[in-house]
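**Student:** Residue numbers (mature numbering (1 follows the signal peptide of the UniProt record, and there is no 0)): -20 to -1, 1 to 241.
Note that beta-carbon positions come from the ideal geometry of N, C-alpha and C, so glycine has one too.
Below you will find the structure I want to go over with you.
Here it is as structure tokens:
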């Protein structure tokens, strides 16, 4: 895992920097599953986590970028006091953006401080962020994260609000106003662009509500100490697939739009 981190960082370092961004902000996490219940652990489960994170985003072009994120979240126990602890994840991500929307699968390692639990340093960690740019400097995202080592695993869903300290090279930011371009709207490429665009928005329009409903159901079940229902799992899975599938559709839409000039 460490060698993989080093290789990716080297590859990123030698890419042309089109757009760089440093962001920081608070995070709120809700443990789910065994992490929330932990009935088999002597110290019980955890109700919530509060912390903050810092992320560096190295944008390769308008659509793709690589990120490095770290921070700390303190999880608060639900039953026995004295077992609160800090989780410190270090994660690499692949950032995919369309206009103000972005998706970011991540992988890395998690370390712990003030830790009296069974969770082990260097736990393999993976997750995904899905969010939007509310403005040039304000980012809102929801996330799912899971770590595992030695058979002791934990996961949470969360939300974060971050302030972005952007570089001066805003001409590569798709949020910026661009010069008006005249397109040949009678061409075949323009028709393909509109078709892929419609499919992308349809996929996004169905996928995002399904994901949100599934996420709310999962949180409600976890809060009530109930197992996640099959319907909630289906909504989360289907919503994630539909939302993610909108990304290549929008990429093809943009490709054919450029050809229609």
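Taking residue 84 as the reference, give the member of 93, 48, 182 with the closest Cα.
**Tutor:** Checked all of 93, 48, 182; the closest Cα to residue 84 is 48.
**Student:** Look at the alpha carbon of residue 231 and the alpha carbon of residue 65, and state the distance between them as a whole number of angstroms.
**Tutor:** Computed Cα separation, rounded: 42 Å.
**Student:** Judging by CA-CA distance, which residue of 114, 119, 126, 97 is the nearest neighbour of residue 104?
**Tutor:** If we check each option's Cα against that of residue 104, 126 comes out closest.
**Student:** Tell me whether the beta-carbon of residue 136 lies closer than 7 Å to the beta-carbon of residue 228.
**Tutor:** Taking 7 Å as the Cβ cut-off, residue 136 and residue 228 do not qualify as a contacting pair.
**Student:** For residue 61 and residue 8, what's the separation of their Cα atoms in angstroms?
**Tutor:** In a straight line, the C-alpha of residue 61 is about 20 Å away from that of residue 8.
**Student:** Please list, in chain order, all residues of the same chain as residue 30 whose beta carbon is under 8 Å from its beta carbon, the five residues on each side excluded.
**Tutor:** Here the set comprises 6, 7, 8, 9, 53, 54, 56.
**Student:** Please classify residue 236: does DSSP put it in a helix, a strand, or coil?
**Tutor:** The answer is helix: DSSP assigns residue 236 an H, G or I state.
**Student:** Measure the C-alpha to C-alpha separation of residue 143 and residue 81 and round it to an integer number of angstroms.
**Tutor:** Near 16 Å, if we compare the C-alpha coordinates of residue 81 and residue 143.
**Student:** Within 10 angstroms of the Cβ of residue 145, are there 16 or more other Cβ atoms? Answer buried if so, exposed if not.
**Tutor:** Residue 145 is exposed by the Cβ-count criterion.
**Student:** Pull up the CB-CB distance for residue 183 and residue 225, whole angstroms please, since I reckon it's below 8 Å.
**Tutor:** Rounded, the Cβ-Cβ distance is 5 Å, consistent with contact.
**Student:** Mind checking residue 96: buried by the 16 CB within 10 Å criterion, or exposed?
**Tutor:** Counting Cβ neighbours within 10 Å, residue 96 comes out exposed, since fewer than 16 surround it.
**Student:** Run through DSSP, which three-state label would residue 194 get?
**Tutor:** Residue 194 falls in the helix class under three-state DSSP.
**Student:** In angstroms with no decimal places, state the Cα-to-Cα distance between residue 38 and residue 72.
**Tutor:** Straight-line Cα distance between these residues: approximately 11 Å.
**Student:** Where does residue 220 land, buried or exposed, given buried means 16+ other C-beta within 10 angstroms?
**Tutor:** Per the 10 Å Cβ criterion, buried.
**Student:** In its own chain, which residues sit with a C-beta less than 8 Å from the C-beta of residue 241, not counting the 5 before and 5 after it?
**Tutor:** These residues qualify, in order along the chain: 161, 162, 163, 164.
**Student:** Taking buried to mean at least 16 other C-beta atoms within 10 Å of its own C-beta, is residue 35 buried or exposed?
**Tutor:** So residue 35 ends up on the buried side.
**Student:** Determine the direct distance from the alpha carbon of residue 76 to that of residue 43, and round the result to whole angstroms.
**Tutor:** Their backbone Cα atoms lie some 6 Å apart in a straight line.
**Student:** Identify which residue in 211, 178, 180 has its Cα closest to the Cα of residue 193.
**Tutor:** Ranking the options by Cα distance to residue 193, first place goes to 211.
**Student:** Span of the alpha helix (DSSP H) holding residue 16?
**Tutor:** Element bounds for residue 16: 14 to 17.
**Student:** Quick one: what's got a C-beta closer than 6 Å to residue 78's C-beta in the same chain, skipping five residues either side?
**Tutor:** Excluding positions up to five away in sequence, the list reads 230.
**Student:** Do residue 51 and residue 100 have their CB atoms nearer than 7 Å?
**Tutor:** Cβ atoms of residue 51 and residue 100: not closer than 7 Å.
**Student:** How is residue 219 classed by DSSP in three states: helix, strand or coil?
**Tutor:** If DSSP states are grouped into helix, strand and coil, residue 219 belongs with the helices.
**Student:** Given a cut-off of 7 Å, decide if residue 3 and residue 118 are closer than it, judged by their beta-carbon atoms.
**Tutor:** No; because the gap between Cβ atoms is not below 7 Å, this pair is not in contact.
**Student:** Would you list the residues sitting across from residue 54 in a DSSP beta bridge?
**Tutor:** DSSP lists 30, 66 as partners of residue 54.
**Student:** Terminal residues of the continuous beta strand (DSSP E) containing residue 122?
**Tutor:** Taken as a continuous stretch (DSSP letters only), the beta strand (DSSP E) holding residue 122 covers 118 to 129.
**Student:** Find the nearest neighbour of residue 18 within the set 195, 174, 132, 109, judged by alpha-carbon distance.
**Tutor:** Residue 18 has its Cα closest to that of 132, out of 195, 174, 132, 109.
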